[in-house]
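*Asks:*
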Ligand SMILES: Cc1cc2nc3c(=O)[nH]c(=O)nc-3n(C[C@H](O)[C@H](O)[C@H](O)COP(=O)(O)OP(=O)(O)OC[C@H]3O[C@@H](n4cnc5c(N)ncnc54)[C@H](O)[C@@H]3O)c2cc1C
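Protein chains in written order, with my numbering: chain A, 53 to 396; chain B, 4 to 384.
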């Protein structure tokens, strides 16, 4: 962990601890979000951690961002921190300038927007936080050419919708909207963009996984039945051991993936992490709920903030399903699996 | 463990078609919308009334209470058709499944005459009052107190997780009619029928994780219950409750809570002509079939008055795991964006299944507790 990263995580963690309570996350249900938190992060320049110095940022790298996203997941942060910072990182990656106004991003396998003479048409579903964001970064097709574009959301028609965790995932429609910037994306860039967006989501997932695990340990010590804390029952111990295993697998997968990405030596790490965390999400949500029993399926208990995010996030962006198909394609070309997995 | 093989009669096959036609008719008419977990989270008193008009509530009960004296297997057929269609049967569910049989077995003639006809007409719903904040798996530790007064009992305490308590008229409540002795905690427990509209009863919703209302807290503050509302023998509440559990744990609702999703999964796979996906789905059907054999076998033994505690615990522990698995497998076969508001039925059933699945292996006794029952049972045999 770089020194900067240590400071950043410490500050973000402190801000989250102070400002993200169960009630803050609940705000989403009323269609609100954590504006004071956003303000704090902005005031502390934390939204610019990975923006280059040239644009007034701290010049962090993708690993710094991913560490930040683990905290976003761990605290179920009800604000578009991931989307905004990732959008800016990606804009700079393709040579565009980052935004300081709230920006969201959605990259998908099959872009639904079309671009003609600088005008944008079409509908995109499940856009995170569109209702509060000002800028939108996404893919559009100009004929057969894939472009990354930015567009001011003031020109869009926005219909509110949410994911399973009640996070805003709006339907955004454009009719002859003017794009602010556009860049043609080549094959190699496309691969990178897919990996960055997937890695970002996976980091948030690993944070939520870890939180569900921590909540379960805590509850198993607090709750007593038959005159003893439930962690004394062997079948509960089995759940705790399973959770510990999944949490360890997830954290090390994320760190190995981040290392590969930052060292520009990534190969299959994102795909493997995606597939393995998809499985981990299922196992962790199941065991965490089972140990909490009835109290865990209530709105009042915070476990649902994390498990509902796991259920929602695993279906978003480039999913495990997508990466499995990619790997299937790769495997067709691989002659020796062992060599492929172990030799650079 | 040997369970009977049940062969449906011609009349029974005919009855199944009749029920199916009724459900299709109302589905088409828009009387109800198909959903997963409809037996616990789909309460619709108006629909229950329609079911009652068919003579399908309390259909196995004696004719002189208004029942039809049909067999347990007939009722089994009825229930599984309702579940497969995702029909909203939650309002009358507990009264039909549990309270009626309880009263027929242990109730007084007066209780039967008062409650059974009302239940049968779809005018009287029951809730199950077992769990308390500090008594979940350790149910015998319940503390809700009944104090003897002239002509009845005075109840103080609280029940929790009471499913559909807000729609129910009465609750069969497990209370302590004798002082609590930690050495003999199964003693001194009794089952009382409490009128949920009586003075001193407060019912407050416990929002489910989706924010919806399913279960409730029920508080008792000096609630008077007449002697006539004691079910069975005073102090025998634990043993009577155990008898109920066999009905509670072995039915098709421990297998079919997510069947509408499985059905829709196969429809989607067929549309896509996805043979590999259908092959995987066929594995789920094999599981369903084998669980159903077990569950129908238990129903038959129950009809004959046999002992089914162990197979009932098995149906529930294996069956609920199966129900829980369906959405996890379905999402690997058909791309989905689950949402309760989704247009596409598959995405909607998916959201319902995922959000309700955690409860399957908790309600009615957690899997861990059931494994304990099964293991102890097979060792003792
Ligand atoms: C959707 C839903 C509807 C419900 N409806 C009703 C209702 O209508 N009426 C009603 O009375 N109740 C109802 N319940 C409550 C249900 O019966 C209890 O949740 C259940 O008995 C477990 O109790 P608990 O939640 O207190 O968990 P606990 O008993 O606190 O269990 C916590 C964890 O510890 C484990 N554990 C506890 N003891 C042991 C042991 N000895 N060995 C191994 N593991 C153990 C459990 O398996 C679980 O994983 C409902 C619950 C749900 C989820």
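Ideal Cβ placement from N, Cα and C applies to all residues, glycine included.
Note down, in chain order, every chain A residue with its Cβ under 8 Å from the Cβ of residue 365(B).
*Replies:* For the purposes of this step, residue 365(B) is identified with residue 362 of the second chain, where counting begins at 1. Within 8 Å Cβ-Cβ: 341, 342, 345, 346, 349.
*Asks:* Assuming residue 361(A) and residue 125(A) make a contact with CB atoms under 8 Å, what is their CB distance in whole Å?
*Replies:* Here the question's residue 361(A) lines up with position 309 in the first chain. Here the question's residue 125(A) lines up with position 73 in the first chain. Going by Cβ atoms, the distance from residue 361(A) to residue 125(A) rounds to 7 Å, so yes, they are a contact pair.
*Asks:* By alpha-carbon positions, which one of 78(B), 352(B), 35(B), 126(B) ends up nearest to residue 14(B)?
*Replies:* Taking the second chain and counting its residues from 1, one reaches residue 14(B) at position 11. Checking every option, the nearest Cα to that of residue 14(B) belongs to 78(B).
*Asks:* Closest to residue 189(B) by C-alpha separation, out of 161(B), 134(B), 240(B), would be which residue?
*Replies:* Walking along the second chain from the start, residue 189(B) turns up at place 186. If we check each option's Cα against that of residue 189(B), 240(B) comes out closest.
*Asks:* Report the rounded CA-to-CA distance for residue 370(A) versus residue 158(A), giving the unit in angstroms.
*Replies:* The residue you call residue 370(A) lines up with position 318 of the first chain. The residue you call residue 158(A) lines up with position 106 of the first chain. Their backbone Cα atoms lie some 10 Å apart in a straight line.
*Asks:* Given a threshold of 16 other Cβ atoms within 10 Å of its Cβ, counted over all protein chains shown, does residue 318(B) qualify as buried or as exposed?
*Replies:* The residue given as residue 318(B) occupies position 315 in the second chain. Label assigned to residue 318(B): buried.
*Asks:* Kindly identify the DSSP beta-bridge partner or partners of residue 15(B).
*Replies:* Here residue 15(B) corresponds to residue number 12 of the second chain, with the count starting at 1. Residue 15(B) is not bridged to any residue.
*Asks:* Ligand 1 and residue 235(A): does the residue's C-beta get closer than 8 Å to at least one heavy atom of that ligand?
*Replies:* The sequence position of residue 235(A) within the first chain is 183, counting from 1. It does not: the Cβ of residue 235(A) is nowhere closer than 8 Å to a heavy atom of ligand 1.
*Asks:* Compute every distance between the C-beta of residue 344(A) and the non-hydrogen atoms of ligand 1, then say whether any falls below 8 Å.
*Replies:* Position 292 of the first chain holds residue 344(A). Checking the Cβ of residue 344(A) against ligand 1 gives yes.
*Asks:* Using only the alpha-carbon positions, how far apart do residue 176(A) and residue 191(A) sit?
*Replies:* Mapped onto the first chain, residue 176(A) falls at position 124. Mapped onto the first chain, residue 191(A) falls at position 139. One C-alpha to the other measures close to 10 Å.
*Asks:* Does the count of Cβ pairs from the region 144-154 of chain B and the region 78-95 of chain B closer than 8 Å reach three?
*Replies:* In short, these stretches do not touch, since the Cβ pair count stays below three.
*Asks:* Since residue 119(A) and residue 109(A) should fall inside the 8 Å C-beta cutoff, what is the C-beta to C-beta distance between them, to a whole number of angstroms?
*Replies:* Looking up residue 119(A) in the first chain gives position 67. Looking up residue 109(A) in the first chain gives position 57. Not quite, the Cβ-Cβ distance comes to about 16 Å (not below 8 Å), so this is no contact.
*Asks:* Does the region 274-287 of chain A touch the region 214-234 of chain A, meaning 3 or more C-beta pairs lie closer than 8 Å?
*Replies:* In short, these stretches do not touch, since the Cβ pair count stays below three.
*Asks:* Under 8 Å: does the beta carbon of residue 42(B) sit that close to some heavy atom of ligand 1?
*Replies:* Numbered from its first residue, the second chain carries residue 42(B) at position 39. Answer for residue 42(B): no, Cβ out of range of ligand 1.
*Asks:* Roughly how many whole angstroms lie between the Cα atoms of residue 67(A) and residue 90(A)?
*Replies:* Translated into positions along the first chain, residue 67(A) becomes position 15. Translated into positions along the first chain, residue 90(A) becomes position 38. In a straight line, the C-alpha of residue 67(A) is about 10 Å away from that of residue 90(A).
*Asks:* Using DSSP bridges, identify the partner residues of residue 268(A).
*Replies:* The residue you call residue 268(A) lines up with position 216 of the first chain. None, per the DSSP bridge assignment.
*Asks:* Can you check whether the CB of residue 376(B) is closer than 9 Å to the CB of residue 313(B)?
*Replies:* The residue labelled residue 313(B) in the question sits at position 310 within the second chain. The residue labelled residue 376(B) in the question sits at position 373 within the second chain. Contact: yes.
*Asks:* With residue 104(B) as the anchor, note down where its alpha helix (DSSP H) starts and where it stops.
*Replies:* As a working note, residue 104(B) is residue 101 in the second chain. Counting along the chain, the alpha helix (DSSP H) containing residue 104(B) begins and ends at 103-109.
*Asks:* Regarding residue 162(B) and ligand 1, is the C-beta to nearest heavy atom distance less than 8 Å?
*Replies:* Locating residue 162(B) in the second chain gives position 159, where the first residue counts as 1. Yes, since a heavy atom of ligand 1 falls inside the 8 Å radius drawn around the Cβ of residue 162(B).
*Asks:* Secondary structure at residue 208(B), three-state DSSP: helix, strand or coil?
*Replies:* Start at 1 with the first residue of the second chain, and residue 208(B) comes out as number 205. Here residue 208(B) sits in strand by DSSP.
*Asks:* Who are the neighbours of residue 12(B) on chain A, taking C-beta pairs under 7 Å?
*Replies:* Walking along the second chain from the start, residue 12(B) turns up at place 9. What residue 12(B) touches in chain A: nothing, since even the nearest Cβ is about 41 Å away.
*Asks:* Could you tell me whether the Cβ atoms of residue 222(B) and residue 204(B) are closer together than 9 Å?
*Replies:* Against the second chain, residue 222(B) aligns to sequence position 219. Against the second chain, residue 204(B) aligns to sequence position 201. In contact: residue 222(B) and residue 204(B) (Cβ atoms closer than 9 Å).
*Asks:* Does the contact criterion of 3 or more C-beta pairs under 8 Å hold for the region 339-348 of chain A versus the region 351-369 of chain B?
*Replies:* The region 339-348 of chain A vs the region 351-369 of chain B: in contact.
*Asks:* For chain B, is any of its Cβ atoms less than 9 Å away from the one on residue 216(A)?
*Replies:* For this step, residue 216(A) is matched to residue 164 along the first chain. With 9 Å as the cut-off, residue 216(A) counts as an interface residue toward chain B.
*Asks:* Can you check whether the C-beta of residue 123(B) is within less than 9 Å of a C-beta belonging to chain A?
*Replies:* Taking the second chain and counting its residues from 1, one reaches residue 123(B) at position 120. It does not; no Cβ of chain A falls within 9 Å.
*Asks:* Mind listing which residues of the region 198-209 of chain B have their C-beta closer than 7 Å to chain A's C-betas, in chain order?
*Replies:* Of all residues in the region 198-209 of chain B, 209 have a Cβ within less than 7 Å of some Cβ in chain A.
*Asks:* Taking 8 Å as the cut-off, is the CB of residue 261(B) close to at least one heavy atom of ligand 1?
*Replies:* Reading the second chain from its first residue, position 258 is the one you call residue 261(B). Not so, every heavy atom of ligand 1 lies at least 8 Å from the Cβ.
*Asks:* For the putative contact between residue 130(A) and residue 140(A), defined by C-beta atoms under 8 Å, what is the C-beta separation to the nearest angstrom?
*Replies:* The residue you call residue 130(A) lines up with position 78 of the first chain. The residue you call residue 140(A) lines up with position 88 of the first chain. Rounded, the Cβ-Cβ distance is 20 Å, inconsistent with contact.
*Asks:* Looking at ligand 3, does it come within less than 8 Å of residue 73(A), judged from the CB to the closest heavy atom?
*Replies:* By its list of ligands, the structure shown excludes ligand 3, since it contains just ligand 1.
*Asks:* When the distance is taken between beta carbons, is residue 113(A) closer than 9 Å to residue 60(A)?
*Replies:* Here residue 60(A) corresponds to residue number 8 of the first chain, with the count starting at 1. Here residue 113(A) corresponds to residue number 61 of the first chain, with the count starting at 1. It is not a contact, given that the beta carbons lie outside the stated cut-off.
*Asks:* Quick one: using the 10 Å Cβ neighbour count with 16 as the cut-off for buried, is residue 219(B) buried or exposed?
*Replies:* Locating residue 219(B) in the second chain gives position 216, counting from the first residue. Per the 10 Å Cβ criterion, buried.
*Asks:* Assign residue 127(A) to one of three DSSP states: helix, strand, or coil.
*Replies:* Residue mapping note: residue 127(A) aligns to position 75 of the first chain, counting from 1. Coil.
*Asks:* Can you list the residues of chain A that residue 140(B) reaches, using a CB-CB cut of under 8 Å?
*Replies:* For the purposes of this step, residue 140(B) is taken as residue 137 along the second chain, with counting starting at 1. The answer, in chain order, is 277, 278, 345.
*Asks:* List, in chain order, every chain A residue whose beta-carbon is nearer than 8 Å to that of residue 369(B).
*Replies:* Mapped onto the second chain, residue 369(B) falls at position 366. Within chain A, the residues near residue 369(B) are 342, 345.
*Asks:* What does residue 357(B) touch in chain A if you count any residue whose Cβ is under 8 Å from its own?
*Replies:* What you label residue 357(B) is simply residue 354 of the second chain in a count that begins at 1. Going along chain A in sequence order, the residues near residue 357(B) (Cβ under 8 Å) are 216, 363.
*Asks:* If you measure beta-carbon to beta-carbon, which residues of the region 282-301 of chain A are closer than 8 Å to chain B?
*Replies:* So the close ones are 285, 287, 288.
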